[in-house]
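Enquirer: I'd like to ask you about the structure that follows.
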Amino acid sequence: MKTKLPTALCVLIALALVAFGLLYGTWSGFREDRAQVDELLAMENGLLDVLGYRAADGLNLCAVAKRHLPSGDETLQRLEKVSRQLQQADTLHASLDDELTQAVEEMARKLKETESFLQSGRDQRYLEMLLADLGSLRTSDVVTAYNQAAESFNRQLDAPFSGMLAGLLGIVKCPLYQ
Numbered sequence: 043m044k045t046k047l048p049t050a051l052c053v054l055i056a057l058a059l060v061a062f063g064l065l066y067g068t069w070s071g072f073r074e075d076r077a078q079v080d081e082l083l084a085m086e087n088g089l090l091d092v093l094g095y096r097a098a099d100g101l102n103l104c105a106v107a108k109r110h111l112p113s114g115d116e117t118l119q120r121l122e123k124v125s126r127q128l129q130q131a132d133t134l135h136a137s138l139d140d141e142l143t144q145a146v147e148e149m150a151r152k153l154k155e156t157e158s159f160l161q162s163g164r165d166q167r168y169l170e171m172l173l174a175d176l177g178s179l180r181t182s183d184v185v186t187a188y189n190q191a192a193e194s195f196n197r198q199l200d201a202p203f204s205g206m207l208a209g210l211l212g213i214v215k216c217p218l219y220q
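Numbers in my numbering are just positions in the sequence shown, counted from 1, shifted up by 42.
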């Protein structure tokens, strides 16, 4: 003789299975999409590497500046500090990169006012090359690809139902590099 489950219990089990499938599907789908964005950030020659190259250019500018400014110069110390922080960063710090840009611009202005720098054609050309490299790295295709992927992912999280559900499951938006 078969025992029958009450209808209410069957409905409850069915609802639990549907809820589990919905939650697991949302979580795994958003996790995979986030992993693709994170890959653009951390892959070889990804956005973190680009930021590391920019930091290296900042440190190269410090080497030039040390030939023309005293070692205790505040602008030089700030540029070196920011460059090292950005070079050692293992996550996206767009604000730190903005600080690097400001420090580089300030250092360039200061060097252009220094007599010994104005007498060194080699260092003037090197400064121009570093400034061009810093600018091209900031606008490289890697930056564009990462920002597009991050914006797309963030738009998915803004969806009314699935985005809200993903947020409840701990999925967070990707930071943008601006």
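The beta-carbon is built from N, C-alpha and C at its ideal position, and this holds for glycine as well.
In this text, all values refer to a predicted model and were calculated from it rather than measured experimentally.
1. Name the residue from K46, T49 and D75 whose alpha carbon lies nearest to the alpha carbon of A208.
2. If you follow the alpha helix (DSSP H) that L118 is in, where does it begin and where does it stop?
3. Determine the burial state of L51: buried for a count of at least 16 other Cβ atoms within 10 Å of its Cβ, exposed for fewer.
4. Assuming contact is defined by CB atoms lying nearer than 8 Å, are L160 and N102 in contact in what I supplied?
5. Are three or more beta carbon pairs between the segment 79-89 and the segment 103-121 nearer than 8 Å?
6. According to DSSP, simplified to helix, strand and coil, what is N87?
7. With C-beta atoms as the reference, is L134 less than 8 Å away from P217?
8. Can you tell me the Cα-Cα spacing of K46 and G71, whole angstroms?
Expert: Looking at the coordinates:
1. When the alpha-carbon of A208 is set against those of K46, T49 and D75, the nearest one is in D75.
2. E116 to Q130
3. exposed
4. no
5. no
6. coil
7. yes
8. If I take the Cα positions, the gap works out to 37 Å.
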